[in-house]
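Working notes, beginning with the structure itself.
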Amino acid sequence: MGRIRSNNQRYLITISTLFAVFLIFLNALLILKFPDITLRVIINVLLILFYASSIISGFTLIKSSEKRPQVMIRVSMASTTFKLLGYLFVLGIIIYLNKPLAKEIVGFFFLQYFVFTMVEKVFIFKFLKR
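According to my numbering, the sequence shown is numbered sequentially starting from 2.
What follows is the structure, given as structure tokens:
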């Protein structure tokens with residue numbers, strides 16, 4: 002990714018990291034209820050997936066707006082669509098491989114999906130105001 006050059010990139014990393022830390026804390030509390038080690042690994046892998054895709058998506062939006070600001074909305078919509086399809090594909094594979102834990106995995110998945118989608122939308126709205 003290289004050096005962080007703009008305040009927008011710093012803001013994105015800061016807000017994503019804060020929400021990731023919040024989710025780590027929340028996951029730690031919820032995982033105490035579920036002693037299965039497989040579930041713990043899956044939840045942490047999903048958290049890393051959401052965090053990384055959020056950062057990559059945000060940097061892509063920042064880069065696309067530097068060239069032509071009008072393109073940012075299309076890039077944002079395409080990014081959201083491809084991420085959702087990718088997430089659902091990953092979720093399908095994880096559920097297929099771990100059928101007994103399907104309900105718990107789906108619950109944690111959508112909790113993390115909701116939080117990181119909100120982070121991205123907050124970032125986009127703040128970015129558009131600037």
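Don't be surprised by glycine CBs; every beta carbon is placed ideally from N, CA and C.
This one's a predicted model, so the numbers in the text were calculated from it and none came from an experiment.
Considering only residues of the same chain and omitting the five flanking positions on each side of residue 55, which have a CB-CB separation below 7 Å?
-> 17, 117, 120 and 121
Beta-carbon proximity check, residue 1 vs residue 62, cutoff 8 Å = No statement about residue 1 is possible, as the shown extent of the chain runs from 2 to 131 and does not include it.
Could you spell out where the alpha helix (DSSP H) holding residue 113 opens and where it closes?
-> 103 to 130
Should residue 8 go down as buried or exposed, given a rule of 16 or more other Cβ atoms within 10 Å for buried?
-> exposed
Buried versus exposed call for residue 59 [16 or more other C-beta atoms within 10 Å across all chains shown] = buried
Decide if residue 100 is buried, meaning its Cβ has at least 16 other Cβ atoms within 10 Å, or exposed.
-> exposed
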